[in-house]
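Just so you know, we're using the numbering used here here: the sequence shown kicks off at 22 and counts up by one.
Notes follow once the structure below has been shown.
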Amino acid sequence: MIKGKVKPNPTMYRLDRVSAAETLNQHFEYPADFSLATYVDTERKFDFYPEGQIKLVLRFKAHAAQSVLDGKIAPDQTIKRNNNGTTTVRATVTLSDKLRWWIRAFGPGVEVLSPRKLRQLFADETRDISAYYERKR
Numbered sequence: 022m023i024k025g026k027v028k029p030n031p032t033m034y035r036l037d038r039v040s041a042a043e044t045l046n047q048h049f050e051y052p053a054d055f056s057l058a059t060y061v062d063t064e065r066k067f068d069f070y071p072e073g074q075i076k077l078v079l080r081f082k083a084h085a086a087q088s089v090l091d092g093k094i095a096p097d098q099t100i101k102r103n104n105n106g107t108t109t110v111r112a113t114v115t116l117s118d119k120l121r122w123w124i125r126a127f128g129p130g131v132e133v134l135s136p137r138k139l140r141q142l143f144a145d146e147t148r149d150i151s152a153y154y155e156r157k158r
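Here it is in structure tokens:
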């Protein structure tokens, strides 16, 4: 985070886009009311283009469920192990590019059940990807 005369509020920059940095012998003090945890929670900059909160419902195949069993994706997360070996996860999360990337990483090991709009996005993407492989070379 950087704060200065040009940008009075803390600003985050992607490190992969920084081409040079210089260490200065200058000091600063955080504002008395500044809390990094609060800043991260309220700004949601780490979510990459946050779009608001959603009620997410995912169904994981047995082999893909371990990562959500190991750690929560949200404080209100609930996990239900189904009789057919799948695991259903429900949580209130921030809809963002980061969330979509995370879900995509499970490939066919996860199914988006809700919200409907997110489910449709994954269905459309899956059809488009499938079309690539259906073509004759």
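Positions of the beta carbon are idealized from the N, C-alpha and C atoms, including for glycine.
Residue i and residue j closer than 8 Å at C-beta
{"i": "residue 132", "j": "residue 79", "result": "yes"}
{"i": "residue 127", "j": "residue 85", "result": "yes"}
Cα-Cα separation, residue i to residue j
{"i": "residue 90", "j": "residue 130", "result": "14 Å"}
{"i": "residue 83", "j": "residue 36", "result": "36 Å"}
{"i": "residue 102", "j": "residue 122", "result": "24 Å"}
{"i": "residue 22", "j": "residue 60", "result": "Here the model assigns residue 22 a pLDDT of 48, short of 50, so the residue's position is not dependable and the matter cannot be decided."}
{"i": "residue 164", "j": "residue 154", "result": "Past the boundaries of the shown model lies residue 164; the chain is included only from 22 to 158, so the question cannot be answered."}
{"i": "residue 88", "j": "residue 140", "result": "21 Å"}
Rounded distance between the beta-carbons of residue j and residue i, thought under 8 Å
{"i": "residue 72", "j": "residue 117", "result": "6 Å"}
Is the segment 32 to 51 touching the segment 105 to 112 in the sense that three or more CB pairs, one from each, lie closer than 8 Å?
Contact between the segment 105 to 112 and the segment 32 to 51 is absent: fewer than three C-beta pairs spanning the two stretches fall below 8 Å.
Spell out a yes or no on whether the segment 92 to 99 and the segment 135 to 149 are touching, meaning 3 or more CB-CB pairs, one atom from each, closer than 8 Å.
no
Any chance you could list the beta strand (DSSP E) runs of at least 3 consecutive residues sitting entirely within the segment 105 to 155, in chain order?
DSSP runs (the beta strand (DSSP E)) wholly in the segment 105 to 155: 108 to 115, 131 to 135.
Could you say if the segment 109 to 118 and the segment 147 to 154 meet the contact criterion of at least three C-beta pairs nearer than 8 Å?
no
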